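Written out below as structure tokens is the structure these notes cover.
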Amino acid sequence: MGSAVVVSIPEEIQDQRVTDDVPVDQNKNKNKTAAINKFRNLFDSTRDRIKKQDMKKIFHSIKLGIALVVVSLLYLLNPLYKQVGDNAMWAIMTVIVVFEFYAGATLSKGLNRGLGTIFGGGLGCFAGSFAQDVGGDACASIIGVSVFIFGGIATYLRLIPSIKKKYDYGVMISILTFNLVVVSGMREEKIMAIARERLSTIGMGFAVCIFINLLIFPAWASDELHHSTVQSFHNLANSIEGCMEDYFSSTDDKKKNKSDASFSSCKAILNTKSKEESLANFAKWEPWHGKFGLNYPWNRYLQIGEVLRELAATVLSIKGCLQSPRQPTSGMREAIKEACEMGGSSIAWALKELGEGIKNVKRCQIEGVIVPKLKLVRQEMSGLITPSKLGVIENGDGLAMASFVFLVMEILEKVEELAREVEELEEAGRFRTT
3 MGSAVVVSIP EEIQDQRVTD DVPVDQNKNK NKTAAINKFR NLFDSTRDRI KKQDMKKIFH
63 SIKLGIALVV VSLLYLLNPL YKQVGDNAMW AIMTVIVVFE FYAGATLSKG LNRGLGTIFG
123 GGLGCFAGSF AQDVGGDACA SIIGVSVFIF GGIATYLRLI PSIKKKYDYG VMISILTFNL
183 VVVSGMREEK IMAIARERLS TIGMGFAVCI FINLLIFPAW ASDELHHSTV QSFHNLANSI
243 EGCMEDYFSS TDDKKKNKSD ASFSSCKAIL NTKSKEESLA NFAKWEPWHG KFGLNYPWNR
303 YLQIGEVLRE LAATVLSIKG CLQSPRQPTS GMREAIKEAC EMGGSSIAWA LKELGEGIKN
363 VKRCQIEGVI VPKLKLVRQE MSGLITPSKL GVIENGDGLA MASFVFLVME ILEKVEELAR
423 EVEELEEAGR FRTT
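With the numbering used here, the residue at position 42 of the sequence shown is 44, and numbering never jumps.
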């Protein structure tokens, strides 16, 4: 019989094996903790934004309720009702239609409604008076022809993009008022008195809207556009930092922590165009408040938003590099790691600097510091894609690496363009230097 051979493992080797395993577990725990903390911070910030937005909605609902109560006093109080009569209904309708979430939207709608009512009512009074003077069977014909001509011309004007964007509601109200005045004038003798009473009650409703919406916890569209633009800068900076971290992390870590967290904010930025355009339109109607004076260049925010969306689309294209089945070897990654991480940190730094400058309405050192630094980093990265660096690309490793470097360089170029747009905003907005 063979005897069993007992092999004893020295204690030093056993201790070394145990100690070698500990860092792996610690790294796993650290990665899990970092992922949990990152998710928790994202969840907390999202929850805070939702709470803040919900509070604004609650305040808006309360303000609308107060406005309706105030304007309903025209019906509820006998002295006021004797003065305005059933025309008080026009004041209530005005509050319901004109009262908007943002102060600028309320001003825009209110002024459009007022001007549309005056213009349509004035033409309606003129056409109705002329038809009454003619009298007879021709009266109905004149009214019908005037309704056709005015309705057709006004509807055509509503289809013009520049008018539709800013004055569509006013033109629509002018059509409505013209028809109501001119048609009712055929059955009423005091057409001018009716138009004057309706216009006065509409003015009362508009005054109530402006007083409550602008003086009680006003929601400024300009502030919303300003803060959302600043937030886009910081979101893109965080996304780029996350992309660099994901690209140069180990394969195992990427498989475990693979998520779209770095790209979710970029996707949100791509869908901001319509919101920014409406906010900029409302902001132009708002009075001087806070940091924003009259004739503030809100159109510059739209141009900056366009570049931000282009930049977000470029950052999203990095997702293909991260998820591509053909990845460069670890050796090739290490060869470009330092330069790419420097480029990513420079991009994130520049975006945060530009965002903080806009937030504080303060000039950044764009031509003196930001743009030269971005150009220097881009020149250094261009040396990474020379034939000597790429080596043999038969297996596609060099091509995959070059694609990633090209995207980072394109992002650097976009950030330079963005910096120049911010510089133009600083000049037009007269940002302070200190």
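Yeah, the Cβ is synthetic: ideal placement off N, Cα and C, and Gly gets one too.
Quick caveat: nothing in here was measured; it's all calculated off a predicted structure.
Just the C-alpha distance for Val210 and Val100, rounded to the nearest angstrom, thanks.
Taking the first residue of the sequence shown as position 1, residue 210 is located at position 208. Taking the first residue of the sequence shown as position 1, residue 100 is located at position 98. Straight-line Cα distance between these residues: approximately 10 Å.
Per DSSP, what are the beta-bridge partners of Phe180 in this structure?
Taking the first residue of the sequence shown as position 1, residue 180 is located at position 178. None, per the DSSP bridge assignment.
To the nearest angstrom, how far is the alpha carbon of Glu288 from that of Ile64?
The sequence position of residue 288 within the sequence shown is 286, counting from 1. The sequence position of residue 64 within the sequence shown is 62, counting from 1. Between Glu288 and Ile64, the C-alpha separation is close to 21 Å.
Which stretch, first to last residue, makes up the alpha helix (DSSP H) that contains Gln85?
Working through the sequence shown from its first residue, we reach residue 85 at position 83. Looking at the DSSP string, the run of the alpha helix (DSSP H) that includes Gln85 is Asn80 to Val86.
Going by other Cβ atoms of all chains shown within 10 Å of its Cβ, with 16 needed for buried, is Ile68 buried or exposed?
Start at 1 with the first residue of the sequence shown, and residue 68 comes out as number 66. Exposed, because fewer than 16 other Cβ atoms sit within 10 Å of the Cβ of Ile68.
Take Lys321 and list the residues in its own chain whose beta-carbon comes closer than 6 Å to its own, dropping the five residues that flank it on each side.
Translated into positions along the sequence shown, residue 321 becomes position 319. Taken in chain order, the residues that qualify are Phe265.
With DSSP as the reference, label Lys483 as helix, strand or coil.
The chain is shown only over 3 to 436; residue 483 falls outside these bounds and no answer can be derived.
Got a sec? Which residues, its chain only, sit under 8 Å from Val373 by beta carbon, not counting five neighbours each side?
The residue you call residue 373 lines up with position 371 of the sequence shown. Excluding sequence neighbours, Val373 sits near Glu418, Ala421 and Arg422.
By Cβ distance, which residues of its chain are closer than 8 Å to Phe299, with the 5 residues on each side in sequence left out?
By 1-based counting over the sequence shown, the position of residue 299 is 297. Inspection of the sequence shows that residue 299 is occupied by Pro rather than by Phe. Answer for Pro299: Leu427, Ala430 and Gly431, listed in chain order.
Among the residues of its own chain, which have a CB less than 6 Å from the CB of Gly106, if the five just before and after it don't count?
As a first step, residue 106 must be located in the sequence shown, where it is residue number 104. Result list for Gly106: Ala223, Phe284, Ala285, Trp287 and Glu288, in chain order.
Specify the secondary structure class of Arg434 as computed by DSSP and reduced to three states.
The sequence position of residue 434 within the sequence shown is 432, counting from 1. Correct three-state label for Arg434: strand.
Measuring only the C-alpha atoms, how far is Gly244 from Phe433?
In the sequence shown, residue 244 corresponds to position 242, counting from 1. In the sequence shown, residue 433 corresponds to position 431, counting from 1. Cα to Cα, the separation comes out at about 31 Å.
Using the C-alpha atoms, what's the distance from Arg200 back to Ile145?
On the sequence shown, position 143 is the one that residue 145 refers to. On the sequence shown, position 198 is the one that residue 200 refers to. For Ile145 and Arg200, the distance between alpha carbons rounds to 20 Å.
Tell whether a beta-carbon distance below 8 Å holds between Glu343 and Met403.
Taking the first residue of the sequence shown as 1, we reach residue 343 at position 341. Taking the first residue of the sequence shown as 1, we reach residue 403 at position 401. Not in contact: Glu343 and Met403 (Cβ atoms no closer than 8 Å).
Given this structure, state the Cα-to-Cα distance separating Leu75 from Leu66, to the nearest angstrom.
In the sequence shown, counting from the first residue as 1, residue 75 sits at position 73. In the sequence shown, counting from the first residue as 1, residue 66 sits at position 64. Those two C-alpha atoms are separated by around 15 Å.
According to DSSP, is Lys293 part of a helix, a strand, or is it coil?
To locate residue 293, count along the sequence shown from 1; it is residue 291. Coil at Lys293, not helix or strand.
Taking buried to mean at least 16 other C-beta atoms within 10 Å of its own C-beta, is Asp139 buried or exposed?
Start at 1 with the first residue of the sequence shown, and residue 139 comes out as number 137. By the neighbour-count rule (16 or more Cβ atoms within 10 Å), Asp139 is not buried but exposed.
Taking the alpha carbon of Gly153 as the point to measure from, which residue in Ser164, Ser131 and Val185 has its own alpha carbon closest?
The residue given as residue 153 occupies position 151 in the sequence shown. The option with the nearest alpha carbon to Gly153 is Val185.
Can you tell me the Cα-Cα spacing of Ser261 and Gln325, whole angstroms?
Position 259 of the sequence shown, counted from the start, is the residue given in the question as residue 261. Position 323 of the sequence shown, counted from the start, is the residue given in the question as residue 325. Low per-residue confidence applies at Ser261: pLDDT is 44, beneath 50, and the placement is therefore not dependable, though the value from the model is reported in the following sentence. Going from the Cα of Ser261 to the Cα of Gln325 covers about 11 Å.
In terms of residue numbering, what span does the alpha helix (DSSP H) encompassing Gly244 cover?
On the sequence shown, position 242 is the one that residue 244 refers to. That run of the alpha helix (DSSP H) goes Ala223 to Tyr249.
Compute the Euclidean distance between the alpha carbons of Gly4 and Asp248, then round it to the nearest angstrom.
Here residue 4 refers to the residue found at position 2 of the sequence shown. Here residue 248 refers to the residue found at position 246 of the sequence shown. Low confidence applies to Gly4: its pLDDT is 42, below 50, so where it sits in the model is not reliable enough to give any reading.
With DSSP as the reference, label Lys257 as helix, strand or coil.
Taking the sequence shown and counting its residues from 1, one reaches residue 257 at position 255. With a pLDDT of only 41 at Lys257, under the threshold of 50, the placement of this residue in the model should not be trusted; the figure read from the coordinates follows. Correct three-state label for Lys257: helix.
Ends of the alpha helix (DSSP H) at Pro330?
Translated into positions along the sequence shown, residue 330 becomes position 328. Segment: none, Pro330 is in no alpha helix (DSSP H) and carries neither H nor E.
Which stretch, first to last residue, makes up the alpha helix (DSSP H) that contains Asp135?
Walking along the sequence shown from the start, residue 135 turns up at place 133. Asp135 -> alpha helix (DSSP H) spans Ala105 to Val136.
Here's the rule I'm using: 16 or more other beta-carbon atoms within 10 Å means buried, otherwise exposed. How should Arg328 be labelled?
The count along the sequence shown starts at 1 and reaches residue 328 at position 326. So Arg328 counts as exposed.
For Gln509, which option in Arg365, Ile196, Val407 and Gly295 has the closest C-alpha, if you only look at C-alpha atoms?
One cannot answer for residue 509 here, as it falls past the ends of the chain, which runs 3 to 436.
Given Phe208, which residues of its chain have a CB within under 8 Å of its CB, disregarding the five upstream and five downstream residues?
In the sequence shown, the residue the question calls residue 208 occupies position 206. Thr96, Val100, Gly112, Arg115 and Gly116, listed in sequence order.
In chain order, what residues of the same chain lie with their CB nearer than 7 Å to the CB of His229, ignoring the 5 residues before and after it?
Stepping through the sequence shown from its first residue, residue 229 is reached at position 227. The answer is none, since no qualifying residue turns up.
Verify whether the separation of the beta carbon atoms of Leu272 and Ala315 is less than 8 Å.
Counting from one through the sequence shown, the residue named residue 272 turns up at place 270. Counting from one through the sequence shown, the residue named residue 315 turns up at place 313. Cβ atoms of Leu272 and Ala315: closer than 8 Å.
How would you write the range of the alpha helix (DSSP H) that Glu312 sits in, first residue to last?
Within the sequence shown, the letter at position 310 stands for residue 312. Start and end: Trp300 to Gln325.
Whose CA, out of Gln134, Leu161 and Trp351, lies closest to the CA of Asn237?
As a first step, residue 237 must be located in the sequence shown, where it is residue number 235. The candidate whose alpha carbon is nearest that of Asn237 is Trp351.
Have a look at Leu79, Ala133 and Tyr104 and flag the residue whose alpha-carbon is nearest the alpha-carbon of Phe61.
Position 59 of the sequence shown, counting from 1, holds the residue named residue 61. Cα-wise, what sits closest to Phe61 is Tyr104.
Identify whether Lys364 lies in helix, strand or coil by the three-state DSSP scheme.
The sequence position of residue 364 within the sequence shown is 362, counting from 1. Of the three classes helix, strand and coil, the one that applies to Lys364 here is strand, per DSSP.
Among residues of its own chain, excluding the 5 on either side of Thr436, which ones have a beta-carbon nearer than 8 Å to its beta-carbon?
As a working note, residue 436 is residue 434 in the sequence shown. Lys364.
Using a Cβ-Cβ cutoff of less than 8 Å, which residues in the same chain neighbour Arg2 once the five nearest sequence positions on both sides are dropped?
There is simply no residue 2 to check, as the chain begins at 3 and stops at 436 in what is shown.
Can you say whether Leu401 is buried or exposed, counting buried as having 16 or more other CB atoms within 10 angstroms of its CB?
Here residue 401 is taken as the residue at index 399 of the sequence shown, counted from 1. Label assigned to Leu401: exposed.
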